[in-house]
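Visitor:
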Amino acid sequence: MADESENLTRAPESAEDELGPLPAGFRISRYIVEETLGKGGFGITYRARDTQIGRAVAIKEYMPVHLAARRGDWVVMPRSTRTAEEFVQGSARFLAEARTLAQLEGVAGVVNVFDFLAANGTAYLVMEFVRGETLDRLLARVGTLDEQELQRLLDPLLDGLERVHAAGFLHRDIKPSNILIDETGKPKLIDFGAARESASGRTGQMTAIHTPGYAPLEQLTSSRQGPWTDIYALAATLHHCIGGKPPPDVLERMVEDQLVPAVEVGRGRYDKAFLAAVDAGLAIKVESRPHSIADWTAIRRGDARPAPSPAPLPAPRPPARRKLWVIGGAGAVAIGIVAVAAWLAMAPPAGPPARDGAIANRERDMAEEKARQEAVARERSEAEAKARREADERARQEAAVRERAEAEAKARREADEKARQEAVVRERAEAEAKARREADETARQEAADQTRQDAEAIEKTLRLTEAQRRRVQAALTIRGFDTGSSDGVFGPRTRQMIAAYQRSRNEPQTGYLTADQYSQLIRETEEAYARQEEDRRREAAEKTMPAQPAKPPAPAKPSEAAKPTESASAAGPPRKRDPLPLGSFDGQYTKNLSSTCSAFRGWTFEGITVVNNLFDMTWDTTAGRSFRCQVKIESDGVFRNDECRLKPSGRVSGDKLTMTFLAGGVLWCSASAQR
1 MADESENLTR APESAEDELG PLPAGFRISR YIVEETLGKG GFGITYRARD TQIGRAVAIK
61 EYMPVHLAAR RGDWVVMPRS TRTAEEFVQG SARFLAEART LAQLEGVAGV VNVFDFLAAN
121 GTAYLVMEFV RGETLDRLLA RVGTLDEQEL QRLLDPLLDG LERVHAAGFL HRDIKPSNIL
181 IDETGKPKLI DFGAARESAS GRTGQMTAIH TPGYAPLEQL TSSRQGPWTD IYALAATLHH
241 CIGGKPPPDV LERMVEDQLV PAVEVGRGRY DKAFLAAVDA GLAIKVESRP HSIADWTAIR
301 RGDARPAPSP APLPAPRPPA RRKLWVIGGA GAVAIGIVAV AAWLAMAPPA GPPARDGAIA
361 NRERDMAEEK ARQEAVARER SEAEAKARRE ADERARQEAA VRERAEAEAK ARREADEKAR
421 QEAVVRERAE AEAKARREAD ETARQEAADQ TRQDAEAIEK TLRLTEAQRR RVQAALTIRG
481 FDTGSSDGVF GPRTRQMIAA YQRSRNEPQT GYLTADQYSQ LIRETEEAYA RQEEDRRREA
541 AEKTMPAQPA KPPAPAKPSE AAKPTESASA AGPPRKRDPL PLGSFDGQYT KNLSSTCSAF
601 RGWTFEGITV VNNLFDMTWD TTAGRSFRCQ VKIESDGVFR NDECRLKPSG RVSGDKLTMT
661 FLAGGVLWCS ASAQR
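One point on numbering: in our numbering, the residue at position 341 of the sequence shown is 341, and numbering is uninterrupted.
(1) When burial is assigned at 16 or more other CB atoms within 10 Å of the CB, is Ile53 buried or exposed?
(2) Give the list of continuous alpha helix (DSSP H) stretches no shorter than 4 residues that lie fully inside the region 31-108.
(3) Spatial neighbours of Thr658 within its chain, please: CB distance less than 7 angstroms, with the 5 preceding and 5 following residues excluded, ordered by chain position.
(4) Could you tell me which of Ser29, Tyr31, Gly41 sits nearest to Gly20, measuring between CA atoms?
(5) What residue range is occupied by the uninterrupted alpha helix (DSSP H) comprising Asn629?
(6) Between which two residues does the alpha helix (DSSP H) holding Gln453 run?
(7) Could you give the first and the last residue of the continuous beta strand (DSSP E) run that contains Val723?
(8) Gly90 to Ala84, Cα distance in whole Å?
(9) Along the chain, where does the beta strand (DSSP E) that runs through Lys186 open and close?
(10) By the 10 Å Cβ neighbour count, where 16 or more other Cβ atoms means buried, how is Lys591 classified, buried or exposed?
(11) Rounded to a whole number of angstroms, what is the C-alpha to C-alpha distance between Ala678 and Ala273?
(12) Hey, out of Gln502, Arg463, Gly480, Gln509, whose CA is closest to Gly676's CA?
(13) At a cut of 8 angstroms, does the region 54-72 reach the region 109-123 through at least three beta carbon pairs?
(14) Contact check, Tyr31 vs Gly43 under 8 angstroms by CB: the rounded distance?
(15) Would you be able to state if there are at least three C-beta pairs under 8 angstroms between the region 165-182 and the region 232-241?
(16) Hey, quick one: how far does the alpha helix (DSSP H) through Leu139 stretch, first residue to last?
(17) Leaving out five residues on either side along the sequence, give the residues of the same chain with a beta carbon under 8 angstroms from the beta carbon of Asp535.
(18) For the beta strand (DSSP E) that contains Thr714, what are its first and last residues?
(19) With burial defined as no fewer than 16 other Cβ atoms inside 10 Å of the residue's Cβ, what is the status of Asn178: buried or exposed?
(20) At the level of alpha carbons, what is the spacing between Arg253 and Asp279?
(21) Who are Arg689's beta bridge partners in DSSP?
(22) With DSSP collapsed to three states, give me the class of Met127.
(23) As a quick exercise: from Asp73, His210, Ile181, Ala371, pick the residue whose alpha carbon is nearest that of Ala411.
(24) Could you give the distance in angstroms between the alpha-carbon of Pro23 and the alpha-carbon of Val33?
(25) Determine the direct distance from the alpha carbon of Gly132 to that of Lys186, and round the result to whole angstroms.
(26) Relative to the alpha-carbon of Leu614, which residue among Pro648, Leu180, Ser292, Pro290 has its alpha-carbon at the smallest distance?
(27) Looking at the secondary structure, which residues open and close the beta strand (DSSP E) in which Gln588 lies?
(28) What does DSSP give as the partner residue(s) for Phe116 in the beta ladder?
(29) When you compare only the Cα positions, how much space is there between Thr618 and Gln502?
(30) Given a cut-off of 8 angstroms, decide if Gln532 and Tyr589 are closer than it, judged by their beta-carbon atoms.
(31) So Leu614 is in the beta strand (DSSP E); what residue range does that whole segment cover?
(32) Quick one: what's got a C-beta closer than 7 angstroms to Pro156's C-beta in the same chain, skipping five residues either side?
(33) Beta-carbon within less than 7 angstroms of Thr494's beta-carbon, same chain only, minus the 5 sequence neighbours each way: which residues are those?
(34) Work out the CA separation of Gly480 and Val611 for me, nearest whole Å.
(35) Assuming Ala405 and Val75 make a contact with CB atoms under 8 angstroms, what is their CB distance in whole Å?
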């Protein structure tokens, strides 16, 4: 009967659930998944985009299919409580691997690690995205590589491995498929295998964590691993590049070593020292292999003698061999251990010893191997006891991880729903506001049209003659609302000026005159005309009076005081009145124009219009700036405005206006005109 706790935590077991990658567009922290690059027994690799800096990256997801699977909400869960401990431990070592690799950024031959994080119940490693081809695909195309090509690949790989080993770290899975050659021909080691160590102590999983032909003997047993472990795998990779096929698995070599030495496979095509280094790295026994990259490099360069290759094992009897390979699964490790003992026992001594001595040596070696296995068993037993003591804590952590993942997923769903609802409300509010604005604008336009139509009908009732229309145009122009002409036709320009006049009176801007507006406009013009005429007659009288010598004034006789002067009589009756400006100096000064600055860009003297004894002056520069002044003419005809940058000053005498000003604020100019 199955354990209930296991059933409660068991993840789905379909192939899709086991290996199902994250979909394109899935977000992992600041990274967006774009496509799946590859899947393996321990992880899935994606191409993704860093949303903060826009960089393409490769992301490796810790996903051991024999320990965990993915749920429908993309959260990774252990398959059962029995595998939870291994999964959590492996995830922790995966992050430890990432933390170590991140310290090796810029090391030749090693892929750069940018980031690492825990999410979705598992761990992720963010690396540089290298465009290129793996060595196994290259070998599938070309078969073998020449020595120059191998040396070009080997130098950066050895430099990188030496740095990795110096950091106390091993790759543990060097093989052609884990060597990526970029577009410039430079190699990069990918897929470091440290995270697999959590499973390497489990006998039942031993056959799943090494690559046959490239893994040394110590990876199949509990023997100590070190730089020599990576040296074996790299030497096996080089042997593949030389011979065109992977070397035999180390277990097969222990039973019957059919590996053809590199010195024979590559004879005549490669340097002898290089081939000797490959054979030295492929020694089955750890003590027969170089123990560091420096040692191996010395052999490769011919600076040191290669370690002696062990003698091949004698072929076992066929029945025993068939029986040996019937064992599978978890028994593969046991086969390896027995094969180790057999290989050690059958290794011939140096020189021709007696038969009894050989038997004694084999018995001693087997006794030593048995003692070592017993020590390993004790260590494993202690480790399992410790693991059992920590099982409750692991289970609690597992539950916490699951609950946190579920809470995060729920929070994401709620946030998405809230954002969707807020977007709907916002769109509805914007649509309603737009509809209200359009309705208000339509109503305003309709009201304006109706007001304009009513005003047009009212103006028609005035039945203005052409002369009256001319008079209105002249009055508007004098008031500062230039109609452009006085042809008696109320065209678009005149309608605009009528609307501007109405705006100055804070009245509806219809462009059509009411009876009151017409009367007021004419009355204001008539009053201004009367004042202008009076001022002109007074000026004329003053100009025609003869100059008198300086003497004390005599008292005037009553009869003479009442008698009008000759010059005053000469003024005659007032002329026929026309619409005139309101101020004594008002009018358009556009005759006999002259200016010392007419050639300057930005200002042409075309005259000045004075309204209410005020006129505006504007200077536009070629740089797009504009200077504007309002100038007031005093009662004596003098005007001046030093506060304005143009600093205009001058005088109006009779109908002539003369002035000076600072053009553009930098050059003095002068101008004159007559009314």
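The beta-carbon is built from N, C-alpha and C at its ideal position, and this holds for glycine as well. None of the values given here were measured: they were computed from a predicted structure.
Guide: On the basis of the supplied data:
(1) Exposed: under 16 other Cβ atoms inside 10 Å.
(2) Those alpha helix (DSSP H) runs which fall completely within the region 31-108 and span 4+ residues are 81-102.
(3) Gly650, Arg651, Ser672
(4) Gly41
(5) The sequence as given places Cys at residue 629; Asn does not occur at that position. Cys629 -> not in any alpha helix (DSSP H); beta strand (DSSP E) instead, spanning 626-632.
(6) Bounds of the alpha helix (DSSP H) holding Gln453 are 391-462.
(7) Summary: the structure shown does not reach residue 723, with the chain confined to residues 1 through 675, and so no result is reported for it.
(8) 10 angstroms
(9) Per DSSP, Lys186 belongs to no beta strand (DSSP E) and is neither H nor E.
(10) exposed
(11) Past the edges of the chain, shown from 1 to 675, lies residue 678, and the structure says nothing about it.
(12) Outside the shown range of the chain (1 to 675) lies residue 676, about which nothing can therefore be said.
(13) yes
(14) With 8 angstroms as the limit, Tyr31 and Gly43 do not qualify as a contact, their Cβ atoms being about 16 angstroms apart.
(15) yes
(16) 135-142
(17) Ser584
(18) For residue 714 there is no data in the structure shown, the boundaries of the chain being 1 and 675.
(19) Burial call: buried.
(20) 14 angstroms
(21) The chain is shown only over 1 to 675; residue 689 falls outside these bounds and no answer can be derived.
(22) Three-state result, Met127: strand.
(23) Asp73
(24) 7 angstroms
(25) 9 angstroms
(26) Pro648
(27) Gln588 -> beta strand (DSSP E) spans 587-589.
(28) Leu125
(29) Using only the alpha carbons, I get a separation of about 25 angstroms.
(30) Taking 8 angstroms as the Cβ cut-off, Tyr589 and Gln532 do not qualify as a contacting pair.
(31) 614-620 is the extent of the beta strand (DSSP E) around Leu614.
(32) Ala108, Gly109, Lys186, Pro187
(33) Gln473, Thr483
(34) Approximately 6 angstroms, taken between the alpha carbons.
(35) 4 angstroms
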